[in-house]
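To keep things clear, I will list the structure first and then write my remarks on it.
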Amino acid sequence: MKIDRVSLGLVFFLTLVGLAVRISAPLSGSFPLNDGGLFYKMILDLQGNHFILPDYTTYNNAALPFAYPPFAFYFYGLIASAGQVSVLKLMQFLPSIVSALTVPAFYLLAKEILDSKAQAALALLAFTFVPRAFDWLIMGGGVTRAFGLLFALLAMRQSYIFFSRQSQGTSLAMIGLGALVVYTHPEAVTHTVISAVFFYLWKDRSMKGLMRAIIAALGILLITTPWWLTILTRHGLDPFLAAMSAAKQNSYNALTGLLILFRFDFTEEPNLTLIAILGLIGIFTLLAKRKFFIPLWFFLMHLLEPRGGALFMMIPLAMFAGIGLDQTILPGLRNLNLGQGMNNEDWASSLLKGKTVKIFLAILFMYTSLSALQVGAGIKQRSTLTQADLDAFNWVKKNTPPNSHFALVTRGLPLNDASSEWFPALTGRTSLATVFGYEWLNDGKFGARVEIYQELQKCTAQDVDCLNHWAQEIGRGLSYVYVRKQGGGHTALDTNLSNSADYTAVYDTTEIVIYLKQ
Numbered sequence: 001m002k003i004d005r006v007s008l009g010l011v012f013f014l015t016l017v018g019l020a021v022r023i024s025a026p027l028s029g030s031f032p033l034n035d036g037g038l039f040y041k042m043i044l045d046l047q048g049n050h051f052i053l054p055d056y057t058t059y060n061n062a063a064l065p066f067a068y069p070p071f072a073f074y075f076y077g078l079i080a081s082a083g084q085v086s087v088l089k090l091m092q093f094l095p096s097i098v099s100a101l102t103v104p105a106f107y108l109l110a111k112e113i114l115d116s117k118a119q120a121a122l123a124l125l126a127f128t129f130v131p132r133a134f135d136w137l138i139m140g141g142g143v144t145r146a147f148g149l150l151f152a153l154l155a156m157r158q159s160y161i162f163f164s165r166q167s168q169g170t171s172l173a174m175i176g177l178g179a180l181v182v183y184t185h186p187e188a189v190t191h192t193v194i195s196a197v198f199f200y201l202w203k204d205r206s207m208k209g210l211m212r213a214i215i216a217a218l219g220i221l222l223i224t225t226p227w228w229l230t231i232l233t234r235h236g237l238d239p240f241l242a243a244m245s246a247a248k249q250n251s252y253n254a255l256t257g258l259l260i261l262f263r264f265d266f267t268e269e270p271n272l273t274l275i276a277i278l279g280l281i282g283i284f285t286l287l288a289k290r291k292f293f294i295p296l297w298f299f300l301m302h303l304l305e306p307r308g309g310a311l312f313m314m315i316p317l318a319m320f321a322g323i324g325l326d327q328t329i330l331p332g333l334r335n336l337n338l339g340q341g342m343n344n345e346d347w348a349s350s351l352l353k354g355k356t357v358k359i360f361l362a363i364l365f366m367y368t369s370l371s372a373l374q375v376g377a378g379i380k381q382r383s384t385l386t387q388a389d390l391d392a393f394n395w396v397k398k399n400t401p402p403n404s405h406f407a408l409v410t411r412g413l414p415l416n417d418a419s420s421e422w423f424p425a426l427t428g429r430t431s432l433a434t435v436f437g438y439e440w441l442n443d444g445k446f447g448a449r450v451e452i453y454q455e456l457q458k459c460t461a462q463d464v465d466c467l468n469h470w471a472q473e474i475g476r477g478l479s480y481v482y483v484r485k486q487g488g489g490h491t492a493l494d495t496n497l498s499n500s501a502d503y504t505a506v507y508d509t510t511e512i513v514i515y516l517k518q
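Position one of the sequence shown corresponds to residue 1 (our numbering), numbered consecutively onward.
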């Protein structure tokens with residue numbers, strides 16, 4: 001089999017550049033980006049239980065079912081134990097490395113689906129730098145998300161081959177990759193299943209193909225039995241029902257979904273949404289040619305699972321961008337007929353034909369790569385724990401009773417608050433408003449917990465009465481109040497607390513103040 005050295009070189013180059021973009025922010029810091037506290041504690045729980053799956057995680061002292069797919073926890077825990085490496089350091093850097101591996105994985109899928117190597121190469125350029133394909137993967141919580149996307153890409157490619165070629169040799173690979181997806185990330189499972197079912201309906205639709213798919217599904221269930229049977233035996237269906245219910249509450253309705261689709265605001269590009277625009281051009285290019293396969297795949301991802309859809313929608317969107325460039329933009333720059341495209345033979349020379357095209361692609365590369373770097377820097381600056389946070393957490397761990405209950409007033413979001421998530425994991429103390437991890441607890445109160453968190457944050461601009469009323473409403477003893485100052489200055493709540501006889505400041509820096517409730 002002849003090796004396409006140009007394609008191989010391009011994939012290798014973009015993988016390295018993609019790694020540099022993804023790891024730049026973690027390298028410039030000293031702590032995992034943004035989230036990951038829940039997963040950190042679960043890795044420690046697994047290590048502490050001699051790598052036997054615990055019944056519950058000790059996170060936030062809440063006895064939450066240890067029901068999350070465990071592959072990443074075993075992976076990080078075993079490496080940390082074998083290499084005597086800090087789990088936190090692994091969580092800081094490894095998600096970026098795994099995320100970079102999604103670049104060649106995407107190319108393998110794009111090469112199967114798209115019409116030419118030129119389209120696959122241009123789509124790869126878009127995928128490498130579109131922020132939504134990596135921003136949540138390089139964070140601390142990317143320990144599961146990065147593996148989830150990587151295995152999903154490989155499983156999607158295998159399922160496409162599985163149904164389009166009907167090769168018997170693909171069955172075992174499909175089963176193995178499908179099992180890895182199940183063991184890694186719930187949303188990756190959902191989008192892999194959506195894609196596989198869609199590929200079957202579009203490419204096969206035969207009874208033979210259906211039977212082969214059922215056999216593959218049974219194989220995946222068999223390989224993943226040690227995990228899901230353990231969870232069912234210990235907790236029943238409750239954790240899975242809870243996770244599905246929480247996902248619905250954290251999603252949006254169909255009308256809102258249509259409005260979001262109309263806005264076409266998925267890519268999270270910080271400046272000009274260039275890749276999204278190229279993707280939109282690619283969609284209309286395909287629709288004009290009455291080619292509906294990739295647009296329908298894209299729409300189904302958004303329609304059927306919008307909560308995590310944006311990440312997986314980057315797969316067809318990057319393909320749209322490649323098609324838009326190959327079929328519309330570049331031919332226009334060459335003054336050729338629209339839709340001529342490039343052939344696979346000597347595709348690289350044909351693709352780079354014309355001085356204007358070379359300049360355009362160079363500018364596109366520089367602009368998208370710099371935008372991607374900006375995204376990583378923004379995560380580090382806006383969403384990641386600072387040294388002041390870590391110092392405060394360390395003080396709490398050393399100077400407060402283990403059974404202390406804290407109210408963290410951080411002005412964050414329920415499911416995007418690094419302080420709220422990391423506090424229980426690093427201090428061992430209970431955070432009364434933290435939401436993370438409770439999506440696996442089937443008590444019907446996940447929505448109420450989100451409201452509890454939001455009500456607490458509203459107290460930032462109010463007085464002590466707001467805080468006291470909040471504590472009374474939740475019905476749990478409040479020991480300390482942890483307040484992040486606003487731009488280094490005092491908030492209204494902070495000022496009121498400092499003047500209240502019921503609270504005493506026991507820790508005070510330019511960024512954080514902690515009050516003891518008398």
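We put the CB at the ideal spot given by N, CA and C, even for glycine.
Residue i beta carbon near the ligand ATP (any heavy atom closer than 7 Å)
i	result
Pro331	As presented, the structure is devoid of all ligands, the ligand ATP included, so that no description of it is given.
Where residue i falls, given that 16 or more other Cβ within 10 Å makes a residue buried
i	result
Ser28	exposed
Gly444	exposed
Ser86	exposed
Phe312	buried
Asn60	buried
Gly447	exposed
Glu473	exposed
Met211	exposed
Asn403	exposed
Gln92	buried
Asn34	buried
Thr519	Here the chain has residues from 1 to 518 only, and residue 519 is not among them.
Gln340	Any reading at Gln340 must be qualified, since the residue scores a pLDDT of 48, below 50, and its modelled position is unreliable; no value is offered.
Pro306	buried
Met1	Model confidence at Met1 stands at a pLDDT of 44, short of 50, so the residue's coordinates are unreliable; what they give is reported in the following sentence. So Met1 counts as exposed.
Glu268	buried
Gly48	exposed
Gly322	buried
Phe13	exposed
Met42	buried
Glu451	exposed
Asp465	exposed
Leu8	exposed
Asn399	exposed
Arg429	buried
Lys117	buried
Residue i: first and last residue of the uninterrupted beta strand (DSSP E) it sits in
i	result
Ala505	Tyr503 to Asp508
Tyr515	Ile512 to Lys517
Beta-ladder partner(s) of residue i, from DSSP
i	result
Ala407	Val481
Thr430	His405
Asn399	According to DSSP, Asn399 bridges with nothing at all.
Tyr59	In the DSSP output, where bridge partners are listed per residue, Tyr59 has none listed.
Pro104	Answer is none; Pro104 lacks a bridge partner.
Asn416	Leu413
Leu64	Thr57
Distance between beta carbons of residue j and residue i, contact taken as under 8 Å
i	j	result
Leu124	Val103	7 Å
Asp204	Val375	No, Asp204 and Val375 are not in contact; Cβ-Cβ is about 39 Å, not under 8 Å.
Gly257	His302	7 Å
Val525	Ala407	The structure shown does not extend to residue 525, since the chain is modelled only from 1 to 518, so the question has no answer here.
Leu137	Ala146	4 Å
Lys517	Tyr507	No, Lys517 and Tyr507 are not in contact; Cβ-Cβ is about 14 Å, not under 8 Å.
Leu46	Phe73	5 Å
Phe298	Pro316	4 Å
Val11	Ser369	Going by Cβ atoms, the distance from Val11 to Ser369 rounds to 16 Å, so no, they are not a contact pair.
Leu19	Ala100	4 Å
Start-to-end residues for the alpha helix (DSSP H) that takes in residue i
i	result
Thr128	Lys117 to Phe129
Thr15	Arg5 to Leu27
Cys459	Counting along the chain, Cys459 falls outside any alpha helix (DSSP H), and DSSP gives it neither H nor E.
Gly77	Phe71 to Gly83
Gln158	Gly142 to Ser164
Arg307	Pro306 to Gly324
His469	Val464 to Ile474
Tyr40	Gly37 to Gly48
Arg382	Lys355 to Ser383
Thr285	Leu274 to Ala288
Pro331	Leu330 to Leu333
Ala348	Trp347 to Leu351
Within-8 Å CB hit, residue i to chain D
i	result
Pro239	Among the chains of the structure shown, chain D does not appear; only one protein chain is present.
| Going along the chain, which unbroken runs of the alpha helix (DSSP H) with 4 or more residues stay wholly within the region 171-234? | 186-203 and 207-223
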